Amino acid sequence: MKKPSRMRKLLVGTIAFTMMMGAGTTAFASGGGRDHDDHDNRSKTRNYPLKLHFKDTQGKEYEWALRYIIDLASRRVFEGYDDGTFKPQATVTRMEAIAAAVRVMGLRDEAESAKAMATKLNFLDAAKVPAWAVGYVAVALENDLFGETESYVNPNQPADRLWATTLLVKALKLQNQAEAQMNAKLPFADSGSIPAGSVGYVKVAVDQGLIDGFEDNTFRPKQLVT
Numbered sequence: 484m485k486k487p488s489r490m491r492k493l494l495v496g497t498i499a500f501t502m503m504m505g506a507g508t509t510a511f512a513s514g515g516g517r518d519h520d521d522h523d524n525r526s527k528t529r530n531y532p533l534k535l536h537f538k539d540t541q542g543k544e545y546e547w548a549l550r551y552i553i554d555l556a557s558r559r560v561f562e563g564y565d566d567g568t569f570k571p572q573a574t575v576t577r578m579e580a581i582a583a584a585v586r587v588m589g590l591r592d593e594a595e596s597a598k599a600m601a602t603k604l605n606f607l608d609a610a611k612v613p614a615w616a617v618g619y620v621a622v623a624l625e626n627d628l629f630g631e632t633e634s635y636v637n638p639n640q641p642a643d644r645l646w647a648t649t650l651l652v653k654a655l656k657l658q659n660q661a662e663a664q665m666n667a668k669l670p671f672a673d674s675g676s677i678p679a680g681s682v683g684y685v686k687v688a689v690d691q692g693l694i695d696g697f698e699d700n701t702f703r704p705k706q707l708v709t
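When you line the sequence shown up against the numbering used here, it's residues 484 to 709, in that order.
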């Protein structure tokens, strides 16, 4: 059996951790509710303080997660907020999850390049994509994280478990396997609530050990990643 690459393991760990903790929001915070606007020069300088400890992740309930938080913060996947918080229970949006996937794939510099950030997006809701995220959407398109035929990014829509699972499978380049498994039988009690066009993605994610269900044997596809 082929040993998973470090990047693959990190990507799986990141998305899985995000699904458990709702940590995706911290990957994009530049403090005080700002996006990466003209007041945030980090993408220009690359020289800014690296935060590895956050004041709202010090309780016993987060002890198990600290090594993941520190590892991901050190890799500039999750950076936290200027007020020193990590906001581990905040809701994750689709844009945040996409950006996290792009960063863990090692494509952050490409996504934040002048060329990528100047990309004209053809989505009907392109105006809703924050300025800092335009390059991430462009790079995500290039890497098939979502198709060019899609009309909307829905950047501010909360990510649910099914959508996050599909993103993970695509980021791991397992889309062909997923397409071949669309008629597979899923082991969950609520399999009937999973759309036919998504069955293959869930099947591959389960077979690869990327995701699991709940104790009551449900998948809960629409449960938000919080």
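Note that beta-carbon positions come from the ideal geometry of N, C-alpha and C, so glycine has one too. The structure displayed is predicted, hence computed values, not measured ones.
Okay, do the stretch 669-686 and the stretch 605-617 touch, 3+ Cβ pairs below 8 Å being the bar?
Output reads no: the stretch 605-617 does not touch the stretch 669-686.
Could you tell me if P670 is buried or exposed, where buried requires 16 or more neighbouring beta carbons within 10 angstroms of its beta carbon?
exposed
Mapping the DSSP letters down to three states, classify L651 as helix, strand or coil.
helix
So what's D643 in DSSP terms, helix, strand or just coil?
strand
Tell me whether L707 sits in a helix, a strand or coil according to DSSP, three-state version.
strand
Would A667 pass as a contact of V652 if the rule is Cβ separation under 8 Å?
no
What are the residues that DSSP puts in a beta bridge with T540?
For T540, which the question treats as bridged, DSSP gives no partner whatsoever.
Quick one, which of I581, K598 and Y635 has its alpha-carbon nearest N626's?
I581
Which same chain residues end up closer than 6 Å to L657 when comparing Cβ atoms and leaving out the 5 residues on each side of it in sequence?
Here the set comprises V687.
Could you give the first and the last residue of the continuous alpha helix (DSSP H) run that contains Q660?
From DSSP, the alpha helix (DSSP H) with Q660 extends over Q658 to E662.
So L707 and P641 are in contact, right, with Cβ under 8 Å, and what is the actual spacing, rounded?
5 Å
Short of 8 Å in beta carbon distance, which residues of its chain neighbour G680, apart from the five on each side in sequence? Order them along the chain.
M665
I'd like the list of long-range same chain contacts for Y684, defined as Cβ closer than 7 Å, with 5 residues on each side in sequence excluded.
T648, T649, V652 and A661
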